[in-house]
Amino acid sequence: MSARGKARRRALDILFEAELRSEDPLKILAERVERQEPPVNEYTSAIVEGVARHHARIDELITTYAEGWTLDRMPAVDRNLLRGGTYELLWMPDVPEGVVISEWVHLAGELSTDESPQFVNGLLARFKQLKPSLTL
1 MSARGKARRR
11 ALDILFEAEL
21 RSEDPLKILA
31 ERVERQEPPV
41 NEYTSAIVEG
51 VARHHARIDE
61 LITTYAEGWT
71 LDRMPAVDRN
81 LLRGGTYELL
91 WMPDVPEGVV
101 ISEWVHLAGE
111 LSTDESPQFV
121 NGLLARFKQL
131 KPSLTL
């Protein structure tokens, strides 16, 4: 797994843990940075901080475009995969969009249900398509 792939996985772990503990992901991030076990790199921090900063808009987009699914019905890991992927896709223009989608779909295949990779791929691909028209 690439360095950024590991960073995405670590960001997902932090976002998922924060949701399960009903805590601010920035608090969980700060704890991990302080402990440095395992080390938290800058890319992980950028994703977690970006998701926290744009959380309301990200969830609004997911809710709007996830046909037939509410946020509450989605598995928690899928919600957080989509949050991380949406942030990286829409607010981190230095990363190729195809790489972003591929990496988050790969994580969905490793960590979620059999249907999750297709679901994550479809929604992130839709955001890629709509990106020029979305108000961020």
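What the sequence shown shows, in the UniProt record's numbering, is residues 1 to 136, in sequence order.
For each residue, glycine too, the CB sits at the ideal point set by N, CA and C.
Computed from a prediction, not measured in an experiment: that's the story for all the values here.
Contact set for residue i: own chain, Cβ-Cβ below 6 Å, skip 5 residues either direction
i, result
"Ser116", "Asp78, Ala108"
"Arg126", "Tyr65"
Contact check, residue i vs residue j, beta carbons under 7 Å
i, j, result
"Asn80", "Val105", "no"
"Ile47", "Gly84", "yes"
"Ala7", "Thr44", "yes"
"Arg89", "Val100", "Position check: residue 89 holds Leu in this sequence, whereas Arg was assumed. In contact: Leu89 and Val100 (Cβ atoms closer than 7 Å)."
"Glu23", "Ala76", "no"
8 Å Cβ shell around residue i - same chain, five flanking residues per side excluded
i, result
"Ala3", "Asn41, Tyr43"
"Ser21", "Looking at the sequence itself, residue 21 is Arg, so the reference to Ser does not match. Excluding positions up to five away in sequence, the list reads Ile28."
Meets three-Cβ-pair contact criterion under 8 Å: the region 44-55 and the region 3-11: yes
Start-end ranges of the alpha helix (DSSP H) lying completely within the UniProt domain "NusB/RsmB/TIM44" (6-128), minimum 4 residues: Annotation: the UniProt domain "NusB/RsmB/TIM44" (6-128) contains the following complete segments of the alpha helix (DSSP H) (minimum length 4 residues), in chain order: 25-35, 42-53, 55-65, 76-91, 97-111.
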